[in-house]
Structures are given as C-alpha cells and as structure tokens.
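K.L.:
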Amino acid sequence: MSFQNGQIKKCKTEVRGAGMDEYAIKDELQKYAKDMAVLYAEDNEGIREDISNILRKFFYVVDTAENGTKALDMYTSRCYDIVISDIRMPGLDGIELTGKIKAINPEQVVIITTAYEDHSCMYELINLGVDKFIAKPINLLTLLTRLLHVTIRLNDRKTHIADMLAIARLSAMNEILANIAHHWRQPLSAIGLYAQELPELHMDGQLDIQTLNNCVADIMKLVKSMSHTIDEFRQHFRSTDNKEVFNIADAIDDAVFIVKDTINCNGINLIKEYETDVTIEGNKRRFSNVLILELLCNSIDALLTDKPNNPYIKLHVTTKDNKTVVTVSNNGGLISDKAISKLYEPYFSTKSVAAGSGLGLYLARMLLEREFNGTISAINIDGGVEFRIEL
Numbered sequence: 001m002s003f004q005n006g007q008i009k010k011c012k013t014e015v016r017g018a019g020m021d022e023y024a025i026k027d028e029l030q031k032y033a034k035d036m037a038v039l040y041a042e043d044n045e046g047i048r049e050d051i052s053n054i055l056r057k058f059f060y061v062v063d064t065a066e067n068g069t070k071a072l073d074m075y076t077s078r079c080y081d082i083v084i085s086d087i088r089m090p091g092l093d094g095i096e097l098t099g100k101i102k103a104i105n106p107e108q109v110v111i112i113t114t115a116y117e118d119h120s121c122m123y124e125l126i127n128l129g130v131d132k133f134i135a136k137p138i139n140l141l142t143l144l145t146r147l148l149h150v151t152i153r154l155n156d157r158k159t160h161i162a163d164m165l166a167i168a169r170l171s172a173m174n175e176i177l178a179n180i181a182h183h184w185r186q187p188l189s190a191i192g193l194y195a196q197e198l199p200e201l202h203m204d205g206q207l208d209i210q211t212l213n214n215c216v217a218d219i220m221k222l223v224k225s226m227s228h229t230i231d232e233f234r235q236h237f238r239s240t241d242n243k244e245v246f247n248i249a250d251a252i253d254d255a256v257f258i259v260k261d262t263i264n265c266n267g268i269n270l271i272k273e274y275e276t277d278v279t280i281e282g283n284k285r286r287f288s289n290v291l292i293l294e295l296l297c298n299s300i301d302a303l304l305t306d307k308p309n310n311p312y313i314k315l316h317v318t319t320k321d322n323k324t325v326v327t328v329s330n331n332g333g334l335i336s337d338k339a340i341s342k343l344y345e346p347y348f349s350t351k352s353v354a355a356g357s358g359l360g361l362y363l364a365r366m367l368l369e370r371e372f373n374g375t376i377s378a379i380n381i382d383g384g385v386e387f388r389i390e391l
C-alpha cells in the first residue's frame, strides 16, 4: 500500500531485491524496533497520521511534529534512535532540520521522505549524512524495508556500545582495585604485625587475657575498616541502567572518590569550582564512571608523565546560554593539534601501547552524544589541556 494525502492504496506484497515478503519484514522489524524511539516530522496531517499509526505498531516511542521547528525542539529534549522528516516543510525544512540535528549528533540516523526530484537538495542531504531516502507517495513495504535496514544497523551499534561499556567498566574496576589495595595496605600490615607479635608474647609469658582481648579488638577494628572500604567502593560502582535527574557536582564527586587516593598520594592539587544545583537527566553512574572518571584518569596519567611543578586538576561546572558546561583541565603538558583531532577515534592513544587502549575517550564521546545529546572538545591551555563538555 502507498500513502498520499492521507489515502491508502494497495500495492504488491513483495519487496524488490529484498528477498523477503511483507510478513517476514514485519516480524523482523518488530524484533529490532521494539525498544527504539522515532521522531517523525511531516506537515501534511493526513500522511503524518497514517504513517505514525503504522510506526506505532513497531516502535516503542513515536513522536510527531508538524514542522521542522517543533521537531528540533522535541529532538533537543529527548533521545531518538531514528528521525524521519519530509524535505519540504514551512519554516525549518528537512534540509535545515537535518543539518541542525547532525550538528548535535553526527551519528543520528535520519530518513528523508520527498516527492521532489531536486538533485541539488539530494546532494546536500547526502553530504549532511542522511541514511535513507523514501519517495512519495510512500510505499508501505519500502518504508518498512528501509526501517528494517537501519534498525538492524542500530542494533549492531548498540551491541558494540554495550561491549565498549563493558571494557570501560573493567578499566574503572582496575582503578578501583588499585585504590582498594592502597586502602588495605596499612591495615593488612598491622594485622600481619599482630600475627607475628602474638606468638612471641605467648612464648615470653606476656600474653594474658587482657592483652589478647586488646589485640583481638584492634584486629577487628582493622577488619571492620577494610569491610567499610569495600562497601564504599561497591556503592560508588553499583550498576544501574535507570535514568534520573541528578546533580552534576554529585556525579563528578563520585568519580573523584574512586581516584582521590591516587590524587593525594601524588601531590596533585584538586580544584573544584561548582555552580550550585546544576542538574541533568540521564544515567548518573555512566556519566560518572565512564565520562568523568575517564577524563580524571587521563589528567592523572598526563601529570604523572609530565611531572610539572605544582600539578593540578581543575573541575568547573557552570551554565551558559541555556547549556550546562563541565570542564576538566590540568597542567600535564600540551597535546599536538594532530593528536587533538584524533583523540576520540577508536584505538588512538597519546599513551604508550602498554599504558592505554585508545578506547576510553572514544567511548566517552559516544556515551555523551547518544545518551546525553552533548558534545566534548579539547584545547591546549597554559601548560596543559582542557576538556570541555556541553550538555
């Protein structure tokens, strides 16, 4: 069937070149699209209603907009897996909408519907990175086939992101284990001394019941302290996929907690400049453990390598022009312009092969763009580097 001006027309049930019939396509699409969100922009009310009703049979969320301006407002307020837009709309048209969306998230999947054969527009949209085109009147099976292609690709991408998150989680766990080892070193040494001292006291006849009880009490205090350390780190690394409105300063301090001993032991001055009550919506643990912790660890590594006088890490949170801005800066040496341009590429690292995998900043950028609709950039400042996050 095809859709034109709100009317439904019958068509063939085979998809050319797809090798799948209508039922197979629908079954596959339901499997891949069930957890995805779609934003559909179309100024024709009849077409908008017909297509959105079809989309709702497959997708978890389907939001509609009658023009590009409203669609952009909706896009900036939540995350969408797929954006479908007509090319000709009053005000902000499909080309302008695509450009603004791609500026926010270069990897956003965009499908354009059009009744026009304007090749210059097509070239412009291709250059902007449009994923698929669908001619009007919209053929239902063509629409579903295009959607199946992009949902399969998105599913593969989400699987890849999940794998990268697992890698980041392991990296953060390594950092946590190092800090737990630091916390435990002193109490373990003390327990070892008690273990050596008790037999000697017994051999010398000095191990009375009071001395034994005192030693046992001291050992239990040390064990309790070690157990408390485990509980603290477990709380700060508890896994959750829930989204919530959270205070950015609290999320940053969660990341600081994990590396605070490394910072203190190496004489690094930690400077906090937080604007109060700045909040965002998203997954707090991922923001803290993947994004902020990665930037902190990079700053620490740079300072330990460069060894500047008066090493520092500065954390700054503010709001500007209706955006939340977080900066993480240090004086651990400059990065070449060429390296800065490649910082977020997978497997690129400014560290030695043994010291870094080159996945941390790549994953941080993916998380920021796809889950928080944000951007990250880096610039050289006096004696070091500043990472800037805009949300």
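Numbering (UniProt numbering), first residue to last: 1 to 391.
Even for Gly, the Cβ is constructed at its ideal location relative to N, Cα and C.
Remember, it's a predicted structure, so these values are computed and weren't measured experimentally.
#1: Whose C-beta lies closer than 8 Å to the C-beta of residue 379 among residues of the same chain, with five residues either side of it excluded?
#2: Please report the residue range of the alpha helix (DSSP H) in which residue 250 lies.
#3: Give the DSSP bridge partners of residue 34, in chain order.
#4: Hey, how far is the Cα of residue 41 from the Cα of residue 89?
#5: Nearest-angstrom Cα distance between residue 364 and residue 294?
#6: Identify whether residue 58 lies in helix, strand or coil by the three-state DSSP scheme.
#7: I'd like the list of long-range same chain contacts for residue 4, defined as Cβ closer than 6 Å, with 5 residues on each side in sequence excluded.
#8: Per DSSP, residue 274 is paired with what?
#9: Which same chain residues, not among the five before or five after residue 198, have their C-beta less than 8 Å away from its C-beta?
#10: Do you know how far the Cα of residue 228 is from the Cα of residue 189?
#11: Rounding to the nearest angstrom, what Cα-Cα distance links residue 103 and residue 230 in this structure?
#12: Identify the continuous beta strand (DSSP E) that holds residue 85 and give its terminal residues.
#13: Hey, is residue 46 close to the ligand FAD, as in C-beta under 7 Å from one of its heavy atoms?
#14: Can you check which of these residues, 274, 36, 369, is closest to residue 148 by C-alpha distance?
#15: How big is the Cα-Cα spacing for residue 376 and residue 194?
#16: Suppose contacts are defined by Cβ-Cβ distances below 8 Å. Is residue 292 in contact with residue 249 by that definition?
#17: Whether or not the segment 61–75 and the segment 323–338 are in contact is what I'm after, with contact meaning three or more pairs of Cβ atoms, one per stretch, closer than 8 Å; do they touch?
#18: Which partner residues does residue 388 have in the DSSP bridge list?
#19: Can you list, in chain order, the residues of its chain whose CB lies under 6 Å from that of residue 259, leaving out five sequence neighbours each side?
#20: Check for me: the beta strand (DSSP E) holding residue 112 runs from which residue to which?
P.N.:
With the structure as the only source:
#1: Taking the sequence shown and counting its residues from 1, one reaches residue 379 at position 379. 340, 385, 386, 388.
#2: Residue mapping note: residue 250 aligns to position 250 of the sequence shown, counting from 1. Element bounds for residue 250: 248–265.
#3: Numbered from its first residue, the sequence shown carries residue 34 at position 34. Paired residues: none, contrary to the question.
#4: Taking the first residue of the sequence shown as 1, we reach residue 41 at position 41. Taking the first residue of the sequence shown as 1, we reach residue 89 at position 89. Near 9 Å, if we compare the C-alpha coordinates of residue 89 and residue 41.
#5: Here residue 364 refers to the residue found at position 364 when the sequence shown is read from its first residue. Here residue 294 refers to the residue found at position 294 when the sequence shown is read from its first residue. When rounded, the separation of the alpha-carbon atoms in residue 364 and residue 294 is 7 Å.
#6: Locating residue 58 in the sequence shown gives position 58, counting from the first residue. DSSP, reduced to helix, strand and coil, places residue 58 outside both helices and strands of the structure shown, so it counts as coil.
#7: On the sequence shown, residue 4 is found 4 positions in, with the first residue counted as 1. Confidence at residue 4 is low in this model, with a pLDDT of 47, below 50, so its placement is unreliable and the value that follows should be read with caution. Scanning its chain for C-beta atoms nearer than 6 Å, with the 5 sequence neighbours on each side dropped, one finds around residue 4 the residues 137, in chain order.
#8: Mapped onto the sequence shown, residue 274 falls at position 274. Looking at the DSSP assignment, residue 274 forms a beta bridge with 317.
#9: Reading the sequence shown from its first residue, position 198 is the one you call residue 198. If you ignore the 5 residues before and after residue 198, its C-beta comes within less than 8 Å of the C-beta of 207, 212, 215, all in its own chain and listed in chain order.
#10: Looking up residue 189 in the sequence shown gives position 189. Looking up residue 228 in the sequence shown gives position 228. In this structure, the alpha-carbon of residue 189 lies about 17 Å from that of residue 228.
#11: On the sequence shown, residue 103 is found 103 positions in, with the first residue counted as 1. On the sequence shown, residue 230 is found 230 positions in, with the first residue counted as 1. If I take the Cα positions, the gap works out to 43 Å.
#12: The residue you call residue 85 lines up with position 85 of the sequence shown. That run of the beta strand (DSSP E) goes 82–86.
#13: No copy of the ligand FAD occurs in the structure displayed, which carries no ligand at all.
#14: The count along the sequence shown starts at 1 and reaches residue 148 at position 148. Of 274, 36, 369, the residue nearest in Cα terms is 36.
#15: Position 376 of the sequence shown, counting from 1, holds the residue named residue 376. Position 194 of the sequence shown, counting from 1, holds the residue named residue 194. Cα to Cα, the separation comes out at about 51 Å.
#16: Here residue 292 is taken as the residue at index 292 of the sequence shown, counted from 1. Here residue 249 is taken as the residue at index 249 of the sequence shown, counted from 1. For residue 292 and residue 249, no; Cβs fall outside 8 Å.
#17: Between the segment 323–338 and the segment 61–75 there are fewer than three C-beta pairs closer than 8 Å, too few to call the two in contact.
#18: Here residue 388 refers to the residue found at position 388 of the sequence shown. Looking at the DSSP output, residue 388 shares a beta bridge with 327, 377.
#19: Against the sequence shown, residue 259 aligns to sequence position 259. Leaving aside the five residues that flank residue 259 on each side, the residues in its chain whose CB is nearer than 6 Å to its CB run, in chain order, 296.
#20: Locating residue 112 in the sequence shown gives position 112, where the first residue counts as 1. It spans 109–114 - the beta strand (DSSP E) in which residue 112 sits, taken as one unbroken run.
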